[in-house]
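Numbering (this note's numbering), first residue to last: 651 to 815. Ideal placement from N, C-alpha and C gives every residue a C-beta, glycine not left out.
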């Protein structure tokens with residue numbers, strides 16, 4: 651099976667400079683990976699593995715580091731991407747919303763990660779989550795609550811009631 655994923659110019663350049671990352675993904679997945687311009691082509695015998703490798707590259711494209719993105723090779727881990735534009739149209743509002751999710755010095759983001767056992771990356775106009783399915787759903791709900799304007803204390807209470815880590 652063969653599949654492709656398009657990267658941002660910034661992430662494609664980074665991957666060209668970090669050839670060892672692509673080699674590691676190839677080694678761990680038994681897939682052949684080629685990068686041309688901003689397009690990554692993934693070839694492999696197992697369609698599920700090819701799709702999982704595609705998710706690894708989507709995660710890298712959303713700002714995750716390699717070790718976190720590699721969790722997606724495990725069938726128990728998933729990637730979820732929330733588009734901040736769905737919650738705020740203006741650039742200023744999107745910056746404000748991302749700030750609510752990050753919190754002072756990353757405190758809110760860290761709290762959500764710790765209470766849900768997930769990894770969160772705020773990058774560009776998206777907030778992405780990597781985690782096990784149930785954990786990911788709780789983290790997503792907490793993030794959506796913040797984006798909808800709920801108080802941080804309400805989100806903290808929600809996380810304590812739905813502790814899954």
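Its Cα nearest to that of residue 751, the residue 771 stands out among 810, 657 and 771.
Out of 778, 725, 785 and 789, the CA that lies nearest to the CA of residue 708 is found in 778. Of the candidates 814, 661, 674 and 796, 674 places its Cα closest to the Cα of residue 720. Leaving aside the five residues that flank residue 813 on each side, the residues in its chain whose CB is nearer than 7 Å to its CB run, in chain order, 765. The criterion of a C-beta distance shorter than 8 Å is satisfied by residue 665 and residue 672. Under DSSP, residue 700 forms no beta bridge with any residue.
Bounds of any alpha helix (DSSP H) do not take in residue 656; it lies within the beta strand (DSSP E) bounded by 652-656. Distance from the Cα of residue 724 is smallest, within the candidate group 782, 686 and 754, for 782.
For the segment 734-787, the full-length alpha helix (DSSP H) segments reaching 4 residues or more read 741-752 and 757-766 along the chain. The criterion of a C-beta distance shorter than 8 Å is not satisfied by residue 762 and residue 714.
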